[in-house]
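Have a look at the structure below, then the notes.
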Amino acid sequence: MDDFGGKRVLVVEPDNWARHLLVDFFRAQGFEADGAADGDGALACAAEFDPHLLLSNYDLGAGLNGVDLALALRKINAALGLVFLSKQPEQDLSLLPTADQLAGAKYCSSGDHFQVDGLLGSVKLALAAAR
């Protein structure tokens, strides 16, 4: 197991069951982890929690989407690691007008063939890119 001790991950996922599962998973990997259901909740949580990594679904329902949330949090912490989850096919972040502000962001499919190893690989890469 990798040493993630001291690293903080903020999980933003509207599905309550999935959010709690991911928070528990990250804690088991040695992270400090917290979660929020939407963008507004994530902004409030991040102000207290000061995460090293944002793991966010693209679609957060009403309000901010995952990319908008990442951009808002990167204004506060430019070294924030970013991993986006989506059931949709991989999004090409380089096509967004804000691509330079999302540098180092990783994507992980949360569809039917979700792989824990793929998620951890994306997390490692996002943390390394955020240094």
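Oh and the sequence shown: position 68 is 68 in the numbering used here, straight run, nothing missing. Note that the Cβ used here is the ideal one computed from N, Cα and C, for glycine as well. As the structure is a computational prediction, the values presented were derived from the model and not from experiment.
Between the CA atoms of residue j and residue i - distance to the nearest angstrom
| i | j | result |
| --- | --- | --- |
| L119 | G39 | 21 Å |
| L10 | P51 | 6 Å |
| L53 | V123 | 8 Å |
| D135 | L43 | What is shown of the chain runs 1 to 131, which leaves residue 135 out entirely. |
| G6 | Q115 | 24 Å |
| V12 | N77 | 17 Å |
| W17 | L55 | 15 Å |
| A128 | G104 | 8 Å |
Run of the alpha helix (DSSP H) containing residue i, from where it starts to where it stops
| i | result |
| --- | --- |
| E48 | 39-49 |
Cut-off 6 Å between Cβ atoms - residues of its own chain near residue i, not counting five sequence neighbours on either side
| i | result |
| --- | --- |
| A79 | A130 |
| A33 | V9, V23, F26, R27 |
| K106 | V83, S122, L125, A126 |
| F4 | Q29, G30, F31 |
Presumed contact (8 Å Cβ cut-off) between residue i and residue j, rounded CB distance
| i | j | result |
| --- | --- | --- |
| L21 | N57 | About 13 Å separates the two Cβ atoms, so there is no contact after all. |
| R19 | G35 | 4 Å |
Cutoff 7 Å; reference residue i; Cβ partners in own chain excluding five residues on either side
| i | result |
| --- | --- |
| G63 | D38, G39, D40 |
| P14 | A37, D38, N57, L60, G61 |
| F49 | R8, L10, D34 |
| C45 | L10, D34, A36 |
Boundaries (first-last residue) of the beta strand (DSSP E) holding residue i
| i | result |
| --- | --- |
| N57 | 53-57 |
| A33 | 32-36 |
Same chain only: Cβ atoms within 8 Å of residue i, ignoring 5 sequence neighbours per side
| i | result |
| --- | --- |
| N65 | G39, Y58, D59 |
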